[in-house]
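Data block below; observations after.
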Amino acid sequence: MIQTQGELEQICEHVITMPWVAVDTEFERVSTYYPRLCLVQVGTPQLTVCIDPTADIDFSVFGDVLSNCSVLKIFHAARQDLEVLGIVLSQKVSHIFDTQIAAQFCGYGDQVAYGALVKKLCGITLGKAYTRTQWCRRPLSDNEIKYALDDARYLGPLYYQLRERLELLGREEWVYEDCQELAKRNIVEVSAEAAISKLCSRASRLSPTAQSIIANLAIWRESEAQRLDKPREWIISAVDLLQIAVEQPRDLAGLCAIDGISKRRSQKWREPILKAIESGLQLEHHQTFAEAKDSLTAGYKKRESILWSCLKECSIAYDMSIGAIGTREDIRKLSQGMTNTRLLEGWRRRLVGTTLQALSERHGAKFKP
Numbered sequence: 005m006i007q008t009q010g011e012l013e014q015i016c017e018h019v020i021t022m023p024w025v026a027v028d029t030e031f032e033r034v035s036t037y038y039p040r041l042c043l044v045q046v047g048t049p050q051l052t053v054c055i056d057p058t059a060d061i062d063f064s065v066f067g068d069v070l071s072n073c074s075v076l077k078i079f080h081a082a083r084q085d086l087e088v089l090g091i092v093l094s095q096k097v098s099h100i101f102d103t104q105i106a107a108q109f110c111g112y113g114d115q116v117a118y119g120a121l122v123k124k125l126c127g128i129t130l131g132k133a134y135t136r137t138q139w140c141r142r143p144l145s146d147n148e149i150k151y152a153l154d155d156a157r158y159l160g161p162l163y164y165q166l167r168e169r170l171e172l173l174g175r176e177e178w179v180y181e182d183c184q185e186l187a188k189r190n191i192v193e194v195s196a197e198a199a200i201s202k203l204c205s206r207a208s209r210l211s212p213t214a215q216s217i218i219a220n221l222a223i224w225r226e227s228e229a230q231r232l233d234k235p236r237e238w239i240i241s242a243v244d245l246l247q248i249a250v251e252q253p254r255d256l257a258g259l260c261a262i263d264g265i266s267k268r269r270s271q272k273w274r275e276p277i278l279k280a281i282e283s284g285l286q287l288e289h290h291q292t293f294a295e296a297k298d299s300l301t302a303g304y305k306k307r308e309s310i311l312w313s314c315l316k317e318c319s320i321a322y323d324m325s326i327g328a329i330g331t332r333e334d335i336r337k338l339s340q341g342m343t344n345t346r347l348l349e350g351w352r353r354r355l356v357g358t359t360l361q362a363l364s365e366r367h368g369a370k371f372k373p
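The working numbering puts the first residue of the sequence shown at 5, with every later residue one more than the last.
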């Protein structure tokens, strides 16, 4: 376990001379909004070690390595690793290879687990005895450290096998494109937007006014959770927010009268909650989620079905997970003449996007020039 500055700098000096470095993280997110980095596992063609980010060390030197474009960084399901590393480090991780993304392009299924991929490609069955370890606890046992090291140990062998198959299929550039796009994202921001959208979608059957209010409340709760670094549900539950949107109280007494919301919480959050309600009530036009859903005419729905079938045929023909190419949301946008979809970008456009757009137009979709 690397726990001193000297050891960390020595490892970083070693990594920078290697063609690639395998990286995995362990983190906790029980009582906080942001994940807390507990352990970093690092592997190279010559060694595999654990770094202790909770020790009294300047971890930014490792950030310098991760942002160095000359070294390939190998992850599996990199999204959460990139999120926690992005919070801890000021640098962006660059030049990544995600074995889970690569596996999709090689016909190994959608979001294949690391253990399943190691067993399939390396013939090794990884243990599961320490999946619930509290990784920020110190000291960690030898068995726990060995278990953690295995999460980085086989990333190199996976990379070599997947790269060989990708070269055979002519899809290396596709994977590179998707991996670099993932590395560029602000994952905290994307996660926040997804959480807001998820809560809003739960209000799709409510009145337009209630939907407008829940959108305001969702944005406020996300901001407050980030500011206090507390889980969203610790601020106020989604169920309570939906109830507030339905009942639309105008004052503290009305807020306190809602079942399930404590007087203390009502008093604490009354100002932003009542402001969100007032703002929702005053909007002249309410952009609702139900409207977007119900506005799909029979023509739209028929186009969507035709486009989805075409995408499905493409995924079968290329022996790829359909999710690696596009989603239902991508198809919905194309069926409505919208161009802000990844199906019209990069390799997807060349593979099937242009065909799908032409098919959509042939069945009545109007695309803006």
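Just so it is clear, CB atoms sit at the ideal spot from N, CA and C, and this is done for glycine as well. All values derive from a computational prediction rather than experimental measurement.
Quick check on residue i: does DSSP put it in helix, strand or coil?
i: Glu349; result: coil
i: Thr331; result: coil
i: Cys54; result: strand
i: Ala294; result: Summary for Ala294: the model assigns pLDDT 48, below 50, so the residue's position carries little reliability; its value from the coordinates is reported in the next sentence. Ala294: helix per DSSP, three-state reduction.
i: Gly357; result: helix
i: Lys77; result: strand
i: Ile100; result: strand
i: Trp139; result: coil
i: Ile262; result: coil
i: Leu128; result: The residue asked about is misnamed: residue 128 is Ile in this sequence, not Leu. Residue state, collapsed to three classes: coil.
i: Ile240; result: coil
i: Ile149; result: helix
i: Ala362; result: helix
i: Lys370; result: coil
i: Thr213; result: helix
i: Asn1; result: Not covered by the structure: residue 1. The range shown for the chain is 5 to 373.
i: His289; result: Confidence at His289 is low in this model, with a pLDDT of 49, below 50, so its placement is unreliable and the value that follows should be read with caution. Here His289 sits in coil by DSSP.
i: Lys234; result: coil
i: Ser208; result: coil
i: Arg83; result: helix
i: Val34; result: coil
i: Gln14; result: helix
i: Leu159; result: helix
i: Val19; result: helix
Report yes if the CB atom of residue i is closer than 8 Å to the CB atom of residue j, and no otherwise.
i: Cys54; j: Ile149; result: yes
i: Ile329; j: Ser319; result: yes
i: Val46; j: Val19; result: yes
i: Leu256; j: Arg274; result: yes
i: Ala187; j: Val116; result: no
i: Gln104; j: Ala81; result: yes
i: Asp28; j: Ala106; result: no
i: Phe109; j: Leu170; result: yes
i: Val243; j: Gly264; result: yes
i: Ala59; j: Leu159; result: no
i: Leu348; j: Leu315; result: no
i: Trp139; j: Glu11; result: no
Which same chain residues, not among the five before or five after residue i, have their C-beta less than 7 Å away from its C-beta?
i: Ile262; result: Gln247, Ile248, Glu251 and Pro253
i: Tyr38; result: Ile91 and Asp233
i: Glu228; result: Ile239
i: Ser339; result: Tyr304, Arg307, Glu308, Leu311, Ser364 and Ala369
i: Thr343; result: Phe371
i: Glu13; result: Val65
i: Glu282; result: none
i: Asp62; result: Gln9
Let me know if residue i comes out buried or exposed under the rule of 16 or more other beta-carbons within 10 Å of its beta-carbon.
i: Leu172; result: exposed
i: Leu51; result: exposed
i: Thr8; result: exposed
i: Gly174; result: exposed
i: Gln184; result: exposed
i: Asp154; result: buried
i: Glu288; result: Interpretation of Glu288 is limited by its pLDDT of 49, a score under 50 that renders its predicted location unreliable; no figure is taken from the coordinates.
i: Thr358; result: exposed
i: Gln271; result: exposed
i: Ala321; result: exposed
i: Thr48; result: buried
i: Pro57; result: buried
i: Asp102; result: buried
i: Asp398; result: For the chain, the structure presents residues 5 to 373; residue 398 sits outside this window and is missing.
Leaving out five residues on either side along the sequence, give the residues of the same chain with a beta carbon under 8 Å from the beta carbon of residue i.
i: Asp68; result: Cys16 and Gln95
i: Leu245; result: Leu203, Ile218, Leu221, Ala222 and Arg225
i: Arg346; result: Gly330, Asp334 and Arg352
In terms of DSSP beta bridges, what is residue i paired with?
i: Thr29; result: Val44
i: Trp273; result: According to DSSP, Trp273 bridges with nothing at all.
i: Ile91; result: Paired residue(s): none; Ile91 is not in a bridge.
i: Ile6; result: Ile55
i: Trp24; result: Leu76
In chain order, what residues of the same chain have a beta carbon less than 6 Å from the beta carbon of residue i, not counting five sequence neighbours either side?
i: Gln165; result: Leu125
i: Gly350; result: Glu181
i: Tyr134; result: Glu148 and Tyr151
i: His99; result: Cys73 and Leu76
i: Ala294; result: Per-residue confidence for Ala294 stands at a pLDDT of 48, beneath the threshold of 50, marking its modelled position as unreliable; the derived number appears in the next sentence. Hits under 6 Å: Ser208.
i: Ala196; result: Glu226
i: Val356; result: Cys318
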